[in-house]
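Going down the list, the sequences are from chains A and B.
In our numbering, each residue carries its 1-based index in the first sequence increased by 503.
In our numbering, each residue carries its 1-based index in the second sequence increased by 503.
A short worksheet on the structure shown next.
2 protein chains.
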Amino acid sequence: MLDERKMKILSAIIDDYIATAEPIGSRTIARKYHIGISPATIRNEMADLEELGYLSQPHTSAGRIPSNKGYRFYVDFLMPARKLEEYEQSFIKRLLKKRAKELEDLIEEAGKVISKLTSYTAIILGPQLESSRLKHVQIIRLEEKKGLMIIVTSYCTVTHHIIEIPQNLTDSDLQRISNALNSNLSGKALEEITPEIMNSIKDDMIEYDSVLNVLLDLLMENLDDTKESNKVYSTGSSKMLEFPEFRDVERARNFLALMEQHDLITKALKNYCKPNSITVTIGNENPWNEFQDLSIVTTGFFVENKNLGICGIIGPTRMEYSRVFSILEKVSDYLSKAIASLL
Amino acid sequence: MLDERKMKILSAIIDDYIATAEPIGSRTIARKYHIGISPATIRNEMADLEELGYLSQPHTSAGRIPSNKGYRFYVDFLMPARKLEEYEQSFIKRLLKKRAKELEDLIEEAGKVISKLTSYTAIILGPQLESSRLKHVQIIRLEEKKGLMIIVTSYCTVTHHIIEIPQNLTDSDLQRISNALNSNLSGKALEEITPEIMNSIKDDMIEYDSVLNVLLDLLMENLDDTKESNKVYSTGSSKMLEFPEFRDVERARNFLALMEQHDLITKALKNYCKPNSITVTIGNENPWNEFQDLSIVTTGFFVENKNLGICGIIGPTRMEYSRVFSILEKVSDYLSKAIASLL
DNA sequence: TTTTAGCACTCTCAGGGCAAGAGTGCTAAA
DNA sequence: TTTAGCACTCTTGCCCTGAGAGTGCTAAAA
């Protein structure tokens, strides 16, 4: 563990670097932060900190910048707690008030709020349906031979599929099928829908065998889909380019390309984020080198104590961690409430 | 109108500039394109073309680059027709084969195809529901006091709303309401749903007055929404940054910020694009100066001869117009077919 | 033993000067 | 009407230089 003085210096360097994006020299620290020791002493300490891996030097005669290890130490031990500004509070509160029609709208809104307030790119991984159950299935006839199957999960997410209806089925047949599916399947999670159950449904309604096959397939596929691939929402990429780390177009492009790789982002979020608390992944703590000089901060949002998704931000490792923490905490809180009142 | 020789020279300059992004000098033209006249003559012609507004010079001792007027002339008169490459053909064909579950998936897929093939940013404005009609309304009970209203339009786009169900309504009440709404409203366009019709529904079912008010409001709001604000899909922004015109981060950022302004894009597409044919808007032919050095190429897609939406690309004014034309034409064609077979 | 002042050294960065290169417009000859 | 020739302009890359910032080391001070 570092001694008091080293921590003070490290803290000062990181704070300053986060604010200015310029390497910091010993003189600057002595002048701006009043630690009460001379630049020479600070220089010695900085050399130590560099040897320990917390700092690095872009070139010999430049100041120091934090390394990933430095940021990690900062986030874990040094970072000051921060209260939200008045305007941030009220901005987030609007989330709750704006009556949204759907979960999706709400999530998009939350993304906008996060990116507006932080200037980083918001990422939301939403509805995480691992624990979702089937709530309702309904088949509606639209035309002579065309119908709509509507699937509602326990989180009130709705999906629909256009299906073909065999000529000989009447409306009451459709209703009977709907009823049978509901009474057998509703309340069940994906893994509880076994082949036995499906066969028993088919046996009960042998006369509808062919259409039932199609329906059950669609149903399973649908549940499978929502389980596998969460939808990724990301907002505010253009603002990110204002940061000096993206002055180089090459890096900007890489970042934008990364934001289009939803599968990779999903992986990164799922593997490295505990939804129950705010999690940070700094630079190469992420195994994919696309994230090399990016940090991810995330937290979950919940309904009835069940994790519904992950919201967070992605930005350069030089990030205002403490601001992001305070904002994300609040947004996740309010988002959870807003969803609860929606469902 | 320009004489033959001027057209040849203009054509050569624009072709070359589109390919290289470098100003072209008289010598280059004489060497690469065999027009059979000397650089000096070409120089004279170029001076004429500049005076006429088709070319401009970045600085006195540089070559010429096309002006917006030049591009316009090129697109209208000079541009060679182009056939699709084998691989482009087959790439687009996959659109049709991939069975999509929803219109939305199909549209997103089309966007990806367009941006992959052209390297420009694909923009799709979709389902344009101006001429859409209400096809079906259905209310489903999910829980004791919670229900789902499902609205299907004539293009089989589906929206849903979670609604509150008053305590005393039974399932058969809900069915009765659904039936009444359907028999009175289905097949009607938004503007055909007059207050008289709504009142007559209410009169018929006076006992459900309060819930009917909510439902009808939602319904109108929904139709209004889909009419006003089409959804904008855009894909492939990161690839755009590979073009030399975006080597400047400032411009890259402006472009990305523009792509997030869906309302402006909608306006630009709606006001300046005729869906029946391929339309180009070059640079400041668009009145908003965000589009200053961008061109938009669009065309519509159709189902049963009704325009369902607009698909197109947005890119720098220095654009491979003829390639884009050929690709867009094909995609719109196949997209229309794919949608037809889906619905 | 720890801290600090002093100093030589290193590296970057902005600015100036210079030569090369590309392209033009003009003039006069073909 | 076309073309060769030529002087002129402007950009670009390159080198050089001096200023500035910051370091590490040494030796003196606390």
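The beta-carbon is built from N, C-alpha and C at its ideal position, and this holds for glycine as well.
A quick note: this is a predicted structure, and the numbers were derived from the prediction, not measured.
Q: Tell me, please, whether the CB atom of Arg-756 of chain B is closer than 8 Å to any CB atom in chain A?
A: In the second sequence, counting from the first residue as 1, residue 756 of chain B sits at position 253. Chain A contact via Cβ: present.
Q: Give every residue of the same chain whose Cβ lies closer than 6 Å to the Cβ of Val-655 of chain A, excluding the five residues on either side of it in the sequence, and list them in chain order.
A: Taking the first residue of the first sequence as 1, we reach residue 655 of chain A at position 152. Excluding residues within five positions, the ones whose Cβ falls inside 6 Å are Lys-638, His-639, Val-661.
Q) Of all the residues that make up the stretch 638-671 of chain A, which are near chain B by a beta-carbon distance shorter than 7 Å? A) Lys-638, His-639, Gln-641, Ile-643, Leu-645, Leu-651, Ile-653, Val-655, Cys-659, Val-661, His-663, His-664, Ile-665
Q. Could you check where the alpha helix (DSSP H) with Val-616 of chain B kicks off and where it finishes?
A. As a first step, residue 616 of chain B must be located in the second sequence, where it is residue number 113. That run of the alpha helix (DSSP H) goes 606-621.
Q. Do you know how far the Cα of Lys-777 of chain B is from the Cα of Trp-791 of chain B?
A. Position 288 of the second sequence, counting from 1, holds the residue named residue 791 of chain B. Position 274 of the second sequence, counting from 1, holds the residue named residue 777 of chain B. Approximately 18 Å between the Cα atoms of the pair.
Q.
Quick check: what's the CA-CA separation for Ile-799 of chain B versus Ile-785 of chain B?
A. Position 296 of the second sequence, counting from 1, holds the residue named residue 799 of chain B. Position 282 of the second sequence, counting from 1, holds the residue named residue 785 of chain B. Between Ile-799 of chain B and Ile-785 of chain B, the C-alpha separation is close to 7 Å.
Q. Which one or two residues does DSSP pair with Ala-692 of chain B in a beta bridge?
A. Your numbering for residue 692 of chain B matches position 189 in the second sequence. Paired residues: B:Arg-636.
**Q.** Whole-angstrom C-beta distance between Tyr-824 of chain A and Met-582 of chain A, which should lie under 8 Å
**A.** Here residue 582 of chain A is taken as the residue at index 79 of the first sequence, counted from 1. Here residue 824 of chain A is taken as the residue at index 321 of the first sequence, counted from 1. Yes, they are in contact, since the Cβ atoms of Met-582 of chain A and Tyr-824 of chain A sit about 6 Å apart, within 8 Å.
Q) If you run the structure through DSSP and keep just helix, strand and coil, what is Arg-575 of chain B? A) Here residue 575 of chain B is taken as the residue at index 72 of the second sequence, counted from 1. Helix at Arg-575 of chain B.
Q. Once you ignore the five residues that flank Lys-691 of chain B on each side, which residues in its own chain have a CB closer than 7 Å to its CB?
A. Residue numbering aside, residue 691 of chain B sits at position 188 when the second sequence is read from its first letter. Result list for Lys-691 of chain B: Arg-636, Leu-637, in chain order.
Q: Pick out whichever of A:Glu-646, A:Phe-580, A:Ala-550, A:Ile-665 has its Cα sitting closest to the Cα of Glu-507 of chain A.
A: For the purposes of this step, residue 507 of chain A is identified with residue 4 of the first sequence, where counting begins at 1. It is A:Phe-580 whose Cα lies nearest to the Cα of Glu-507 of chain A.
Q. Quick check: the stretch 704-718 of chain B against the stretch 664-675 of chain B, are there 3 or more CB pairs under 8 Å?
A. yes
**Q.** Rounded C-alpha distance that separates Leu-772 of chain B from Leu-684 of chain A
**A.** As a working note, residue 772 of chain B is residue 269 in the second sequence. As a working note, residue 684 of chain A is residue 181 in the first sequence. Approximately 45 Å between the Cα atoms of the pair.
Q. Is the number of C-beta pairs between the stretch 619-626 of chain A and the stretch 644-653 of chain A that are closer than 8 Å three or more?
A. no
(Q) Please report the distance separating the alpha-carbon of Gly-803 of chain A from that of Pro-630 of chain B. (A) To locate residue 803 of chain A, count along the first sequence from 1; it is residue 300. To locate residue 630 of chain B, count along the second sequence from 1; it is residue 127. C-alpha separation (whole angstroms): 34 Å.
Q | Within 8 Å, strictly: CB atoms of Leu-831 of chain A and Gly-815 of chain A | A | What you label residue 831 of chain A is simply residue 328 of the first sequence in a count that begins at 1. What you label residue 815 of chain A is simply residue 312 of the first sequence in a count that begins at 1. For Leu-831 of chain A and Gly-815 of chain A, yes; Cβs fall inside 8 Å.
Q.
Using only the alpha-carbon positions, how far apart do Leu-677 of chain B and Ser-737 of chain B sit?
A. In the second sequence, counting from the first residue as 1, residue 677 of chain B sits at position 174. In the second sequence, counting from the first residue as 1, residue 737 of chain B sits at position 234. Cα to Cα, the separation comes out at about 40 Å.
(Q) Cutting at 8 Å between CB atoms, please list the residues of its own chain near Glu-788 of chain B, excluding the five before and the five after it. (A) As a first step, residue 788 of chain B must be located in the second sequence, where it is residue number 285. Closer than 8 Å at the Cβ level, and outside the excluded window around Glu-788 of chain B, lie Asn-571, Arg-575, Tyr-775.
**Q.** Cα-Cα separation, Leu-606 of chain A to Gly-528 of chain B
**A.** Walking along the first sequence from the start, residue 606 of chain A turns up at place 103. Walking along the second sequence from the start, residue 528 of chain B turns up at place 25. Approximately 58 Å between the Cα atoms of the pair.
Q: Taking the CB atoms as reference points, tell me whether Pro-569 of chain B and Ile-517 of chain B lie closer together than 8 Å.
A: Residue mapping note: residue 569 of chain B aligns to position 66 of the second sequence, counting from 1. Residue mapping note: residue 517 of chain B aligns to position 14 of the second sequence, counting from 1. Yes, the pair counts as a contact, with Cβ atoms nearer than the cut-off.
Q.
For Thr-782 of chain B, tell me which candidate among B:Thr-697, B:Ser-829, B:Gly-614 has the shortest Cα-Cα distance.
A. To locate residue 782 of chain B, count along the second sequence from 1; it is residue 279. Thr-782 of chain B has its Cα closest to that of B:Ser-829, out of B:Thr-697, B:Ser-829, B:Gly-614.
(Q) Please report the distance separating the alpha-carbon of Phe-594 of chain A from that of Leu-845 of chain A. (A) Looking up residue 594 of chain A in the first sequence gives position 91. Looking up residue 845 of chain A in the first sequence gives position 342. Using only the alpha carbons, I get a separation of about 19 Å.
Q. Is Ser-737 of chain B helix, strand or coil by DSSP?
A. The residue you call residue 737 of chain B lines up with position 234 of the second sequence. If DSSP states are grouped into helix, strand and coil, Ser-737 of chain B belongs with the strands.
Q: Check Pro-569 of chain B in the structure and name its three-state DSSP category.
A: Position 66 of the second sequence, counted from the first residue, corresponds to residue 569 of chain B. Reduced to three states, the DSSP call for Pro-569 of chain B is strand.
(Q) Using DSSP's beta-bridge definition, name the partner residues of Ala-776 of chain A. (A) The sequence position of residue 776 of chain A within the first sequence is 273, counting from 1. Going by the sequence as given, residue 776 of chain A is Cys instead of Ala. Answer is none; Cys-776 of chain A lacks a bridge partner.
Q) If you draw a straight line from the C-alpha of Arg-750 of chain A to the C-alpha of Glu-695 of chain B, how long is it? A) Taking the first residue of the first sequence as position 1, residue 750 of chain A is located at position 247. Taking the first residue of the second sequence as position 1, residue 695 of chain B is located at position 192. In a straight line, the C-alpha of Arg-750 of chain A is about 54 Å away from that of Glu-695 of chain B.
**Q.** Alpha-carbon to alpha-carbon, Glu-591 of chain A and Asp-519 of chain A
**A.** As a first step, residue 519 of chain A must be located in the first sequence, where it is residue number 16. As a first step, residue 591 of chain A must be located in the first sequence, where it is residue number 88. For Asp-519 of chain A and Glu-591 of chain A, the distance between alpha carbons rounds to 23 Å.
Q: Consider the C-beta atom of Val-717 of chain B and the heavy atoms of the ligand PLP; say whether any pair is separated by less than 7 Å.
A: Among the ligands in the structure shown, none appear at all, so the ligand PLP cannot be discussed.
Q: Could you give the DSSP three-state label for His-663 of chain A: helix, strand or coil?
A: Locating residue 663 of chain A in the first sequence gives position 160, where the first residue counts as 1. His-663 of chain A: strand per DSSP, three-state reduction.
Q: Specify, as a first and last residue, the run of the beta strand (DSSP E) that Phe-804 of chain B falls within.
A: To locate residue 804 of chain B, count along the second sequence from 1; it is residue 301. That run of the beta strand (DSSP E) goes 797-806.
Q. Going by other Cβ atoms of all chains shown within 10 Å of its Cβ, with 16 needed for buried, is Asn-702 of chain B buried or exposed?
A. By one-based count along the second sequence, residue 702 of chain B stands at place 199. By the neighbour-count rule (16 or more Cβ atoms within 10 Å), Asn-702 of chain B is not buried but exposed.
**Q.** Assigned exposure category for Lys-586 of chain A - 16 Cβ within 10 Å defines buried
**A.** Walking along the first sequence from the start, residue 586 of chain A turns up at place 83. Under this definition Lys-586 of chain A is an exposed residue.
Q. Taking the continuous beta strand (DSSP E) assigned at Thr-782 of chain B, which residues delimit it?
A. Working through the second sequence from its first residue, we reach residue 782 of chain B at position 279. Unbroken beta strand (DSSP E) run through Thr-782 of chain B: 782-785.
Q.
Would you say Phe-576 of chain B lies against chain A (beta-carbon separation less than 8 Å)?
A. Sequence index remark: in the second sequence, residue 576 of chain B carries index 73 (1-based). False, the Cβ-Cβ gap to chain A never drops below 8 Å.
Q | DSSP three-state assignment for Ala-584 of chain A, whether helix, strand or coil | A | For the purposes of this step, residue 584 of chain A is taken as residue 81 along the first sequence, with counting starting at 1. In the structure shown, Ala-584 of chain A sits in coil (DSSP, three-state: anything other than H, G, I, E or B).
Q: Please list the partners that Ser-564 of chain A has in chain B, where partner means a Cβ-to-Cβ separation under 8 Å.
A: One-based indexing of the first sequence puts residue 564 of chain A at position 61. Under the 8 Å cutoff, chain B gives no residues; its nearest Cβ is about 27 Å from Ser-564 of chain A.
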